Structure formats: C-alpha cells, structure tokens
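Data block below; observations after.
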Amino acid sequence: MEQKPMVTYHRQGHIGYLTLNRPDKRNAMSVTFWHSLGRAVELAAADDEARVLILRGEGKSFCAGLDLSPENELFAAVMSPEGKSAAMKTKLYHEIRRVQNIHTAFERLPMPTIAAVHSHCLGAGLELAVCADFRYASADALFALPEAKLSFITDVGGLQRLQRLLGTAQAREIAFRGHRFDAQKALQIGLINQILPDKAALDQAVLAVAQEIAANPPLAVRGAKDVFLYDLDVSMEESLAYNCARSVMILPNDDMNEAIGAYLEGRTGDFKGA
1 MEQKPMVTYH
11 RQGHIGYLTL
21 NRPDKRNAMS
31 VTFWHSLGRA
41 VELAAADDEA
51 RVLILRGEGK
61 SFCAGLDLSP
71 ENELFAAVMS
81 PEGKSAAMKT
91 KLYHEIRRVQ
101 NIHTAFERLP
111 MPTIAAVHSH
121 CLGAGLELAV
131 CADFRYASAD
141 ALFALPEAKL
151 SFITDVGGLQ
161 RLQRLLGTAQ
171 AREIAFRGHR
181 FDAQKALQIG
191 LINQILPDKA
201 ALDQAVLAVA
211 QEIAANPPLA
221 VRGAKDVFLY
231 DLDVSMEESL
241 AYNCARSVMI
251 LPNDDMNEAI
261 GAYLEGRTGD
271 FKGA
C-alpha cells in the first residue's frame, strides 16, 4: 500500500494548505520528509488559483525539527563509521543544499504564506516557519534552534532569515544558546505576530486572516509579495525602481474597476485576478 506523503498540499477555494503530515513523529524531518516537502511546494507554486497559503502541522506539534532516529537514513549514515569519509561529506553537502533550495522555494512562493505554529517549533521546523511571510502561534508554542546543544550548525537558512527578521543580537542569542523559549518571548522579539489561546483558536484566526487576504485583488497582493522578495537582494534604489515598474505593469486592470465600484457601492468586490 502506498504511503501517504509526509507533506501534503491542497486548496479549498482560493486558500492553499501545506500540511506537515508525520504526526507520529511530531512532524520530525527526514530525507523522505524533505522530498515530500519539495513536491508539495512545487504543487503550491504551480497553483494559480491559490491567493494565500497556510503552513500547518498535523498532530500534537508543528514540527519537532530534524529526525535524529535511524529512520532518517542520511543522519544515520552520517553517524556511522563512514560518516567522516569524503564521499559522505560530499553527499551531505549536496543534500543540505537541496533542502536549502526547497526552503527558499517555499519562501519565494508567489502568494502570501502564513505559518500556524502550535506546540514544538524546533530546529529545521523553525527554519521552515521563518520562510513564511508571517507567523501566528498558540499559547503552548515552543521555539528553539537546538543545534548548538547537539554539536552541529543550523544550516538550511534559519541563521540568515532570523538575523534578517529579528536583528543581529536576538538571532545570535537564539542560535548560540540553543534554548527553548515560549510564545510570549516570540511575540516580544517579533518572531510571531499574534498568540492565540489554543490550536482551535489558532486555526480559526489564521483562516480568518487568509480569507481576508484571499478576498483582496490578487494582482495587487501578488505584486506586493514580488516586490518584497525582490527587495531582499538589492539596494533601496534598485528596489524602488522595481517597485515602480511592477506597479505600472499591472495598471490599469479590471479588478481595480471592480474594487473602486465595490467601495463606492458598499459591497464586497468579486475579483478575478485580471
């Protein structure tokens, strides 16, 4: 019998859902998991009907981080007597680069992405969560980059993205200490946008925000996401010039006429992305 993917993608209406689906392991990440994540991200990227995407974890935790058990065949191989060989180091290098590219592909999805974090959000799970445009969390959420306590380096983008998101001092404290911190601390330092009492309230709040985003004209929302992504790699002047060109590119459009008409008439707009 074919095994269910460890990460799934589906869409309801204009809202896409990327679900970490290994609940028996608290969604711990393995080589097989990352292959599944890559395929799910590809499906999301190709879905022109998705106007917003929710990243979530099935089961008791959002993600417990790297799977350190023998079930993760690559980690088991690294810890074997051949782990220090040149061949193994080459294989490990290419695998890490592949996972980095998957996380970057998720970060660069054309639609806004929201991470709904409950319970554990550790290690590579936190590295994935910070690829989302923003994050909401339940009150029981716990965050950490524990790699420093395990004698290896956070390596699939968490160091870079946390430093960019939180600033140098906060990101480096998280990485160097390897400690766990709660949702209140995450809110205080700007890692998450809002705390909800429990997972049910979290799911409800994230869905409401996703519905609000999905109801907006998609040309404008995707255009803004595109400008945000472009701004990551260029100077302010280059970003401003691109912002200007991107704005001109979509003007005028049918959704603008509908948006103005809906505003003047006091009704909800019906937007087609054209």
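If you read the sequence shown in full-length UniProt numbering, its first letter stands for residue 1, the second for the next number, and so on. Built from N, CA and C at the ideal position, the CB exists for glycine as well. On a predicted model such as this, the values are computed, not experimentally measured, just so you know.
Check	Outcome
Sorted by chain position, which residues of the same chain lie with C-beta nearer than 7 Å to Glu49's C-beta, five sequence neighbours on each side aside?	Arg11 and His14
Which residue or residues does DSSP assign as beta-bridge partners of Thr19?	Thr8 and Arg56
Cα-Cα, which of Val227, His94, Tyr136 and Leu20 is closest to Ala200?	Tyr136
Comparing C-alpha positions only, which one of His94, Gly157, Arg97 and Ala139 sits nearest to Gly125?	Gly157
Please give me, in chain order, every unbroken run of the alpha helix (DSSP H) with length at least 4 that falls completely inside the segment 164-197.	168-177 and 183-189
Which residues bound the beta strand (DSSP E) around Cys121?	His120 to Leu122
For Ser138, which three-state DSSP category applies?	strand
Following the continuous beta strand (DSSP E) through Ala200, name the residue where it begins and the one where it ends.	Run containing Ala200: none in the beta strand (DSSP E); it sits in the alpha helix (DSSP H), Lys199 to Ala214.
Measuring CB to CB, does Phe134 end up less than 7 Å from Asn193?	yes
At 4 residues or longer, and completely inside the segment 213-252: list those alpha helix (DSSP H) runs for me, N to C.	218-231 and 236-250
When you compare only the Cα positions, how much space is there between Ala274 and Val248?	14 Å
Distance check for Pro146 and Leu196, CA to CA, integer angstroms please.	25 Å
Going by other Cβ atoms of all chains shown within 10 Å of its Cβ, with 16 needed for buried, is Ile189 buried or exposed?	buried
Under 8 Å: do the segment 47-65 and the segment 111-131 share three or more Cβ pairs, one atom per stretch?	yes
In whole angstroms, what separates the C-alpha of Met1 from that of Thr32?	Low local confidence applies: a pLDDT of 41 at Met1 is under 50, so the model's placement there is unreliable, with the coordinate-based value given in what follows. C-alpha separation (whole angstroms): 17 Å.
Keeping to the same chain, check which residues put their C-beta closer than 6 Å to that of Asn253; ignore five residues upstream and five downstream.	Leu219
DSSP three-state label for Phe143, please.	strand
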